[in-house]
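Novice: The structure follows.
Residue numbers (my numbering): 125 to 578.
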């Protein structure tokens, strides 16, 4: 690859800003850019394009003047990724917020990358359809940002992953070239792999401008069976029993917290909870909820209830937003991926960790996918860097013991500077490096933020 990026010199920055303004692209400078900082690095200028063409023009300016670029959407996941090596220009895509086409009969839609997930679901819901992704903070999270991060929520189990529902994409490459792959028709798979490579790549290969999706019909009725249990073992046992049954719920999630220490020290997080979301025709939903309730009873549920409508939506939103909403923003977080049957062992290891610091943790699982999201918060005062580093290290080792992988989703910047938050490079690292060399040889896009410091 080319050399390590350094911030552009002041003269180049001034020329670039002048060029952006001459193109009538909205720009922010000075104190207006502070909210767009990433891990303590504030961009010198923020561009707010309103079309793929303007994204292309902004990237062309960046390439001409050697500016490092961070693409941004709703800024809900800026804590994810390694600390950027440099950040001269942020390109915010929220100005691209239109539904360009929706063919309800074919269950397809094409949208601009800056539309929020909530707004798109609202439009699709009017036609009895939805997009099968449910990321945190959907009122702010954009479609492009959600795909760039590559993480969805609990509903991906029955409704595929983000890579499976994208059928076309328009992207802007590091030199400003606009590329288009796939199309609006599901059977049109030309170039589909090219679209897939941008999903989960954190904008390091190009900026997503437009996306075409295949959609899913909304279930006629939905209901959630929730319960609390007296132990993590019983809670996860019930979750795995639902997962292993003939039932096909839309989502299975659990919520866990650190138990109080013996002798009364520390704080606990309440009883573990299990939520199972059923969907379908009314009779099918009733049967599913009855069967789930029977499984809960078998595992000794302390309390259980069936909820629907706004109550269920609010409950799932609280679970999905945990660790990302401002009021629950943690000090540090890890996402672990293991076999569903290994989730109990990892959480048991978490409970056994003898942590004498002021850290406490909470965790949610997407049981069917084998995903565990763990968040640490301070109880009192500031926990030391050593305590946070120790918590990260011990948790990663617990995940690795069962053959899983772990990503540090957020941590204090001084800690992130000492590690690769993506963990040990996988076999895919060579492919990613080759793609980076091919599509961004000067390392302008998010330099250093992706796995292996790409």
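C-beta: ideal position from N, C-alpha, C; glycine also.
Residue 334 and residue 237 - do their beta-carbons sit closer together than 8 Å?
Specialist: What you label residue 237 is simply residue 113 of the chain shown in a count that begins at 1. What you label residue 334 is simply residue 210 of the chain shown in a count that begins at 1. Their beta carbons are under 8 Å apart, which means residue 237 touches residue 334 by this criterion.
Novice: In terms of DSSP beta bridges, what is residue 294 paired with?
Specialist: Position 170 of the chain shown, counting from 1, holds the residue named residue 294. Answer is 304, 334, bridged to residue 294.
Novice: By Cβ distance, which residues of its chain are closer than 6 Å to residue 315, with the 5 residues on each side in sequence left out?
Specialist: As a position in the chain shown, residue 315 is number 191, starting the count at 1. In this predicted model, residue 315 has a pLDDT of only 46, less than 50, meaning its place in the structure is not dependable; the value taken from the coordinates is given anyway. The residues are 305, 306.
Novice: Do residue 269 and residue 198 come within 8 Å of each other at the CB atom, strictly closer than that value?
Specialist: Within the chain shown, residue 198 is the residue found at index 74, counting from 1. Within the chain shown, residue 269 is the residue found at index 145, counting from 1. In contact: residue 198 and residue 269 (Cβ atoms closer than 8 Å).
Novice: For residue 462 and residue 494, which I take to be in contact (beta-carbon distance under 8 Å), what is that distance rounded to the nearest angstrom?
Specialist: Start at 1 with the first residue of the chain shown, and residue 462 comes out as number 338. Start at 1 with the first residue of the chain shown, and residue 494 comes out as number 370. So it is a contact: roughly 5 Å between Cβ atoms.
Novice: Tell me whether the region 167-185 and the region 143-157 touch, counting them as touching only if at least three CB pairs, one residue from each stretch, are closer than 8 Å.
Specialist: yes
Novice: State the start and end residues of the unbroken alpha helix (DSSP H) segment that holds residue 556.
Specialist: Residue numbering aside, residue 556 sits at position 432 when the chain shown is read from its first letter. Per DSSP, residue 556 belongs to the alpha helix (DSSP H) from 553-563.
Novice: Mapping the DSSP letters down to three states, classify residue 381 as helix, strand or coil.
Specialist: As a working note, residue 381 is residue 257 in the chain shown. Here residue 381 sits in strand by DSSP.
Novice: Skipping 5 residues on each side, what residues in its chain have a beta carbon closer than 6 Å to that of residue 214?
Specialist: On the chain shown, position 90 is the one that residue 214 refers to. Excluding positions up to five away in sequence, the list reads 160, 167, 170, 194, 196.
Novice: Which same chain residues, not among the five before or five after residue 546, have their C-beta less than 6 Å away from its C-beta?
Specialist: Translated into the one-based positions of the chain shown, residue 546 becomes position 422. For residue 546, where only same-chain residues beyond five positions count, the Cβ hits under 6 Å are 531, 575.
Novice: Between residue 272 and residue 326, is the Cβ-Cβ spacing less than 8 Å?
Specialist: Mapped onto the chain shown, residue 272 falls at position 148. Mapped onto the chain shown, residue 326 falls at position 202. Yes.
Novice: Go through its chain and collect everything with a Cβ distance to residue 541's Cβ below 6 Å, but skip five positions before and after it.
Specialist: Indexing the chain shown from 1 puts residue 541 at position 417. Sequence-distant partners of residue 541 (beyond 5 residues in either direction) whose C-beta falls short of 6 Å from its own C-beta, in its chain, are 207.
Novice: Among 457, 382, 399, which has the Cα closest to the Cα of residue 432?
Specialist: Translated into the one-based positions of the chain shown, residue 432 becomes position 308. Cα-wise, what sits closest to residue 432 is 399.
Novice: If distances are taken between C-alpha atoms only, which option among 287, 274, 458 comes closest to residue 339?
Specialist: Within the chain shown, the letter at position 215 stands for residue 339. Ranked by Cα distance from residue 339, the options 287, 274, 458 are led by 287.
Novice: On the criterion of 16 or more Cβ atoms from any shown chain inside 10 Å, does residue 322 qualify as buried, or is it exposed?
Specialist: Here residue 322 refers to the residue found at position 198 when the chain shown is read from its first residue. The residue in question, residue 322, is buried, as its Cβ has 16 or more Cβ neighbours within 10 Å.
Novice: So, are the CB atoms of residue 350 and residue 474 less than 8 Å apart?
Specialist: To locate residue 350, count along the chain shown from 1; it is residue 226. To locate residue 474, count along the chain shown from 1; it is residue 350. Against a cut-off of 8 Å, the Cβ pair of residue 474 and residue 350 comes out as no contact.
Novice: Taking residue 497 as the reference, give the member of 235, 467, 347, 416 with the closest Cα.
Specialist: In the chain shown, residue 497 corresponds to position 373, counting from 1. Taking only the C-alpha atoms, the option nearest residue 497 is 467.
Novice: On the criterion of 16 or more Cβ atoms from any shown chain inside 10 Å, does residue 412 qualify as buried, or is it exposed?
Specialist: Walking along the chain shown from the start, residue 412 turns up at place 288. Result: buried.
Novice: Is the Cβ-Cβ distance between residue 534 and residue 456 less than 8 Å?
Specialist: Position 410 of the chain shown, counting from 1, holds the residue named residue 534. Position 332 of the chain shown, counting from 1, holds the residue named residue 456. Contact: yes.
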